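Only one structure is covered here, and it is reproduced in the block below.
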Amino acid sequence: EEGRKAGYKPQKVNFDKKLVLERGFTSVLEIDPDRISKAAEESVLYTLVNFAKSRTALKKTIDMNAASAYDHGVVWSSQDRAWLFDRLVNYADQIASNMTNPDSRSELHHLLASHADAPE
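Numbering-wise, this note's numbering puts 910 at position 58 of the sequence shown, and it's gapless, one number per residue.
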């Protein structure tokens with residue numbers, strides 16, 4: 853179950869038990885790239901919502917990449933996620949430090965929803 857949640861899916865293959873012992877159980881799993889990507893997106897967004905220092909560090913990295921002509925950007929699975937990433941990183945100075953506490957999450961939600969271009 854954990855493997856499936858992490859983006860792995862079972863393959864229907866005949867495998868040699870000795871090979872599995874040598875290479876490990878993951879050698880008989882097929883990776884689902886879409887699920888892996890979405891899980892990574894969720895981890896990044898979770899980190900950005902919960903940790904102000906991560907927003908600051910990522911903003912600095914993006915700014916340095918843009919200044920060095922290495923501005924490839926990030927491709928997101930949905931416009932909503934791209935929008936949220938942009939707001940968390942590029943508007944981080946508008947997010948009060950207490951808004952990342954679990955008890956104040958509604959304040960962060962209200963702030964993000966107050967943007968005119970916020971997704972529904």
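Every residue gets a Cβ at the ideal spot worked out from N, C-alpha and C, and that includes glycine. Here the structure is a predicted model, which means the values were calculated and not measured.
{"Item": "Proximity of Leu910 and Leu897 at Cβ, strictly below 8 angstroms", "Value": "no"}
{"Item": "Span of the alpha helix (DSSP H), counted from its first residue to its last, around Trp935", "Value": "Gln931 to Asn942"}
{"Item": "Distance between Glu972 and Leu940 (C-alpha atoms, nearest Å)", "Value": "17 angstroms"}
{"Item": "Own chain residues within Cβ distance below 8 angstroms of Ala944, not counting five before or after", "Value": "Ala904, Arg907, Thr908 and Lys911"}
{"Item": "Enclosing alpha helix (DSSP H) for His962 [first to last residue]", "Value": "Arg957 to Ala965"}
{"Item": "Contact the region 956-964 vs the region 924-932: 3+ CB pairs below 8 angstroms", "Value": "no"}
{"Item": "Inter-residue spacing [alpha-carbon to alpha-carbon] between Ala968 and Arg887", "Value": "31 angstroms"}
{"Item": "Helix, strand or coil at Ile914 according to DSSP, with G and I counted as helix", "Value": "helix"}
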